[in-house]
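Participant: Residue numbers (the numbering used here), protein chains in the order written: chain V, 107 to 221; chain S, 11 to 123. Have a look at this one before I ask anything.
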């Protein structure tokens, strides 16, 4: 099966600019997650979707971050305006079910550098 | 609050030897799930092994096994016959069903030829 697809792989922007990341989950996976991974840390959940509805966005900085999953398949994460502290790897993951031992399947991530 | 602690930022092992990575977690739940993920330089997180808390038997996947101590809230990963391809960051993760995954800060594993 095809894995989780993410683009772009790398992005360099200046602070106060905007940026968008795209993710296409594994076919049939209803649950989609966006994680932020700062260098030297584990992934931190930004937002979780179940189909096209938001399940958890409690750690999403809503003043600058937004995400959508309009048709319950692919998703975009946007940052506007970016800050230096947003430099991180942004990982998209999907899972078949939000329960139990159903694991996360990750994409290759986007490395964002804000200068 | 759910926390996952990996107390070893870095570990090294000789090729073909065995290494154990430590993980402890804090929870008041009785039903939960534990995972180990591997993240090579390519950045893609790959599932290594998972354990259901209600199962007493430790999970095993080929050269990878866990030592799950529920009372001690400990979930260590043992890698046997280490190979050069095992070099990566390893993350321990915890999940209560229906809720988010919580990840530790990771252990960087170096395999020495």
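Ideal placement from N, C-alpha and C gives every residue a C-beta, glycine not left out. Treat the numbers as computed from the prediction; the structure is a model and nothing was measured.
By Cβ distance, which residues of its chain are closer than 6 angstroms to residue 221 of chain V, with the 5 residues on each side in sequence left out?
Facilitator: The answer, listed in chain order, is 120.
Participant: Below 6 angstroms CB to CB, which residues in the same chain sit around residue 208 of chain V once its five sequence neighbours on both sides are set aside?
Facilitator: Once the five neighbours on either side are set aside, the close Cβ partners of residue 208 of chain V are 201 and 202.
Participant: How many Å lie between residue 34 of chain S and residue 83 of chain S at the Cα?
Facilitator: For residue 34 of chain S and residue 83 of chain S, the distance between alpha carbons rounds to 6 angstroms.
Participant: Have a look at S:116, S:123, S:121 and S:122 and flag the residue whose alpha-carbon is nearest the alpha-carbon of residue 144 of chain V.
Facilitator: Residue S:116 is the option with its Cα nearest to residue 144 of chain V.
Participant: Does DSSP classify residue 95 of chain S as helix, strand or coil?
Facilitator: In the structure shown, residue 95 of chain S sits in a helix (DSSP, three-state: H, G or I).
Participant: Are the C-beta atoms of residue 214 of chain V and some chain S residue less than 8 angstroms apart?
Facilitator: Answer yes: the Cβ-Cβ gap between residue 214 of chain V and chain S drops below 8 angstroms somewhere.
Participant: Alpha carbons only, please: which of S:49, S:73 and S:27 is nearest the one belonging to residue 114 of chain S?
Facilitator: Closest by alpha carbon: S:49.
Participant: Can you name the residues of chain V whose CB is closer than 7 angstroms to the CB of residue 60 of chain S?
Facilitator: Near residue 60 of chain S (Cβ distances below 7 angstroms), the residues of chain V are 207 and 209.
Participant: Using only the alpha-carbon positions, how far apart do residue 109 of chain V and residue 139 of chain V sit?
Facilitator: Each residue's Cα considered, the two are about 14 angstroms apart.
Participant: Mapping the DSSP letters down to three states, classify residue 162 of chain V as helix, strand or coil.
Facilitator: If DSSP states are grouped into helix, strand and coil, residue 162 of chain V belongs with the strands.
Participant: So is residue 104 of chain S in contact with chain V if we call contact Cβ pairs under 8 angstroms?
Facilitator: No, because no Cβ of chain V sits closer than 8 angstroms to the Cβ of residue 104 of chain S.
Participant: Between residue 119 of chain S and residue 100 of chain S, how many whole angstroms is the CB-CB distance? I'm expecting something under 8 angstroms.
Facilitator: Contact flag correct, Cβ pair sits at about 6 angstroms.
Participant: Less than 8 angstroms between the C-beta atoms of residue 123 of chain V and residue 194 of chain V, yes or no?
Facilitator: No, the Cβ-Cβ distance between residue 123 of chain V and residue 194 of chain V is not below 8 angstroms.
Participant: Answer with yes or no whether the minimum CB distance from residue 114 of chain V to chain S is below 8 angstroms.
Facilitator: Output row for residue 114 of chain V: interface = no.
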